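Trainee: In terms of full-length UniProt numbering, the sequence shown opens at residue 1 and continues consecutively.
From the three backbone atoms N, C-alpha and C, an ideal C-beta is built for every residue, glycine too.
Predicted model only: the values in this text are computed from it and were never measured.
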Amino acid sequence: MTTTTPSSIPSFPTPALPSPSAQPTKKIPPPVPPSPAARKAMAAQQAALNGRPTTPSEICESDRRNSSGLPSGYVASRTASSTSVVTSTGDLDEEGKAAKMAKKRVNIVTEMVETERQFLNDMEVLMEVYAVPATTTGALSPQDIKILFGNLDGVIGTSRKVLELLEAAAGAENSWVGEAFNQMMNEIEHSYCEYCKHNEAAITRLAELASPECPPATQQFLKECQAQLKGRTGAWDLASLVIKPVQRVLKYPLLIKSLLSETLPTHPDYEQLERANERIEGVAEKINEVKKRKDIVEKYVEGRNNANVIHGITKKWVRGTHQLKQATGLGELEATSDALYDALVEKMEMEFQSIEKLGRDLAFWVRSVREFFILQETVATSLEELYSVPAEPLPGVEERLQLVLEYRKACSRIAIGPWRDAEQKIKTQITPLLETLTNRFKEPLLIMKKRDKKLLDFDRARVLKADGKIVDKALLESADAYTSINAQLVEELPKFLELVAQFMEV
Numbered sequence: 001m002t003t004t005t006p007s008s009i010p011s012f013p014t015p016a017l018p019s020p021s022a023q024p025t026k027k028i029p030p031p032v033p034p035s036p037a038a039r040k041a042m043a044a045q046q047a048a049l050n051g052r053p054t055t056p057s058e059i060c061e062s063d064r065r066n067s068s069g070l071p072s073g074y075v076a077s078r079t080a081s082s083t084s085v086v087t088s089t090g091d092l093d094e095e096g097k098a099a100k101m102a103k104k105r106v107n108i109v110t111e112m113v114e115t116e117r118q119f120l121n122d123m124e125v126l127m128e129v130y131a132v133p134a135t136t137t138g139a140l141s142p143q144d145i146k147i148l149f150g151n152l153d154g155v156i157g158t159s160r161k162v163l164e165l166l167e168a169a170a171g172a173e174n175s176w177v178g179e180a181f182n183q184m185m186n187e188i189e190h191s192y193c194e195y196c197k198h199n200e201a202a203i204t205r206l207a208e209l210a211s212p213e214c215p216p217a218t219q220q221f222l223k224e225c226q227a228q229l230k231g232r233t234g235a236w237d238l239a240s241l242v243i244k245p246v247q248r249v250l251k252y253p254l255l256i257k258s259l260l261s262e263t264l265p266t267h268p269d270y271e272q273l274e275r276a277n278e279r280i281e282g283v284a285e286k287i288n289e290v291k292k293r294k295d296i297v298e299k300y301v302e303g304r305n306n307a308n309v310i311h312g313i314t315k316k317w318v319r320g321t322h323q324l325k326q327a328t329g330l331g332e333l334e335a336t337s338d339a340l341y342d343a344l345v346e347k348m349e350m351e352f353q354s355i356e357k358l359g360r361d362l363a364f365w366v367r368s369v370r371e372f373f374i375l376q377e378t379v380a381t382s383l384e385e386l387y388s389v390p391a392e393p394l395p396g397v398e399e400r401l402q403l404v405l406e407y408r409k410a411c412s413r414i415a416i417g418p419w420r421d422a423e424q425k426i427k428t429q430i431t432p433l434l435e436t437l438t439n440r441f442k443e444p445l446l447i448m449k450k451r452d453k454k455l456l457d458f459d460r461a462r463v464l465k466a467d468g469k470i471v472d473k474a475l476l477e478s479a480d481a482y483t484s485i486n487a488q489l490v491e492e493l494p495k496f497l498e499l500v501a502q503f504m505e506v
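1) By Cβ distance, which residues of its chain are closer than 8 angstroms to residue 161, with the 5 residues on each side in sequence left out?
2) In three-state DSSP terms, what is residue 198?
3) What whole-angstrom Cβ distance do residue 148 and residue 205 have, given they're in contact under 8 angstroms?
4) Counting only the same chain and skipping the five closest in sequence on each side, list residues whose C-beta sits under 6 angstroms from that of residue 494.
5) Give a yes or no on whether the C-beta atoms belonging to residue 189 and residue 283 are separated by under 8 angstroms.
6) From which residue to which residue does the alpha helix (DSSP H) around residue 419 run?
7) Can you tell me the Cα-Cα spacing of residue 450 and residue 490, whole angstroms?
8) Is residue 124 closer than 8 angstroms to residue 156 when the C-beta atoms are compared?
9) Using the Cβ count rule (16 or more neighbours within 10 Å means buried), how would you classify residue 293?
10) Between which two residues does the alpha helix (DSSP H) carrying residue 230 extend?
11) I'd like to know whether the C-beta atoms of residue 152 and residue 126 end up nearer to each other than 8 angstroms.
12) With 16 as the cutoff for other CB atoms within 10 Å, does residue 288 come out buried or exposed?
13) If you drop the 5 nearest sequence neighbours on each side, which residues of the same chain put their C-beta closer than 8 angstroms to that of residue 145?
14) Which two residues bound the contiguous alpha helix (DSSP H) that contains residue 153?
15) For residue 365, does the three-state DSSP call read helix, strand or coil?
16) With respect to the alpha helix (DSSP H) encompassing residue 491, which residues constitute its N-terminal and C-terminal limits?
17) Cβ of residue 400 within 8 angstroms of Cβ of residue 380?
18) Taking the alpha carbon of residue 374 as the reference point, which residue from 412, 214, 465 has its own alpha carbon closest?
19) Can you tell which of 238, 503, 477 has the C-alpha that lies nearest to the C-alpha of residue 461?
20) Suppose you measure from the CA of residue 139 to the CA of residue 106; what does that come to, to the nearest Å?
21) Output the distance between the C-alpha atoms of residue 309 and residue 442, rounded to the nearest integer angstrom.
22) Mind the definition here: the region 342–355 touches the region 418–426 only if three or more C-beta pairs lie below 8 angstroms; say whether that holds.
23) Suppose you measure from the CA of residue 552 to the CA of residue 243; what does that come to, to the nearest Å?
24) Just reading off the alpha helix (DSSP H) that residue 338 is part of, what are its end residues?
25) Label residue 360 either buried or exposed according to how many other C-beta atoms from any shown protein chain fall within 10 Å of its C-beta, with 16 as the threshold for buried.
26) Beta carbon of residue 112, beta carbon of residue 262: below 8 angstroms?
27) Can you name the start and end residues of the alpha helix (DSSP H) that residue 143 belongs to?
28) Nearest to residue 434 by CA position, among 96, 214, 363, is which residue?
29) Does DSSP classify residue 138 as helix, strand or coil?
30) By the three-class DSSP mapping on this structure, what secondary structure does residue 267 have?
31) Could you tell me the alpha carbon to alpha carbon distance between residue 201 and residue 470, rounded to whole angstroms?
32) Would you mind stating whether residue 250 and residue 122 have Cβ atoms separated by less than 8 angstroms?
33) Could you pull out every residue in the same chain whose Cβ sits closer than 6 angstroms to the Cβ of residue 581, ignoring the five residues on either side in sequence?
34) Could you give the C-beta distance for residue 116 and residue 163, rounded to a whole number, given that I count them as a contact under 8 angstroms?
35) Whole angstroms is fine: what's the gap from residue 403's alpha carbon to residue 365's?
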């Protein structure tokens, strides 16, 4: 008895099964193992029938069930043949996966370069079409320019450097995009944080500029600028350009993460990409934190009457520790302190006092100069009277009298002419500048005052947490506000004090 196999599989004899009533009359020789070609064909056919490669264990089990009389060498031959098929298939899968990832990497890097180039073009258009004309013509106020275009030049410079590095990194045999971003990460953080911190204020101001209440001259300026955008950018107006840096810096983490996911750990740039991915996420978090702090600070500045903020400034700048402990009930728990903030407060107090002193010194100088020449004129008048007393003419008296008269006239001229000119310039030029500078202290002082109040809530929350008590939502929000306000002051007060010092040195 023989077994019939499909035509595509070579047939070979198998042992006959003995019947119960008959015994074999002759010994049947063992089957001949299939040739290598036959084994390959069988493996391929089995794979086709199963829809997947046949594993060595499956072939062995089949041989055990259906071909128990076959030599062990035959089973080993089939097993070895199937193993080679699986191994080669696995290698092809890995190679195909690597090639697919490499292709995706190329596409992602190309997207990075092209979108960075387009972004840089948009920022240059924003600068040339809106920012520069608005500044030179006065079409927008200095405050509007600061809010809408603050640090735009820094963003352009950073984007230009990023594009140059990305182009070089993409053109290399093994792209080094991760390294390129790591080289620029600090500059990216600084430039975009400075720009994005005005984002909420910019959105509000753009809505006002687009409203019917916007002055006609400003509307005409914006309309003329918008007409210049066609053919130069895909953006359609000022608002769509102003928001692009915020969108761009938040796009970086997505691009880097996508590139990292398509990069094998064996790639030379893999570790740099991991580091860049971690750092750029930190940049995005910091930008969000800066925006949050800015929003909290501006909430306490806008719509407030700052007239009385400076009153009593030299008497009390920060709350005393004793008062703070009494207010919070800290007891043995040490009050929160910030050495850097305290140093900034001390320096700010010194700068403010120097401005006040300069104003007082100028006023005193004006009075002193006037009094000096009045006194000199009085002395000259007295000498004139002395030399005019009738007496026996003395040699040289007339000449001396003439000198006295000339000196008196000079004092009178100075008291009336140059002195009044100096007094007028001080009153109309220097004093207003000092007053303006003094007024610049109002907003920081208002925020500092609010910071001190929030510090009380911050420490109250600490006391409650230390005692294991629940902190209510309002107190917790106020305590969180202290953290944001304090961080904002520590970041911005040094810049403010530097500008004040530069002004005082002029």
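Mentor: Concretely, from the data shown:
1) 184, 187
2) coil
3) 7 angstroms
4) none
5) yes
6) 418–425
7) 14 angstroms
8) yes
9) buried
10) From DSSP, residue 230 is part of no alpha helix (DSSP H); its letter is neither H nor E.
11) yes
12) exposed
13) 131, 134, 135
14) 152–171
15) helix
16) 473–505
17) no
18) 412
19) 477
20) 45 angstroms
21) Confidence at residue 309 is low in this model, with a pLDDT of 48, below 50, so the placement of that residue should be treated as unreliable; the coordinate-derived value is given next. Taking the straight line joining both Cα atoms gives about 6 angstroms.
22) no
23) Look at the range of the chain in this structure, 1 to 506, and you will see that residue 552 is not part of it.
24) First-last for residue 338: undefined, no H or E at that position.
25) exposed
26) no
27) 142–149
28) 363
29) coil
30) coil
31) 35 angstroms
32) no
33) The displayed coordinates of the chain run from 1 to 506. Any statement about residue 581 would go beyond what the structure contains.
34) 5 angstroms
35) 28 angstroms
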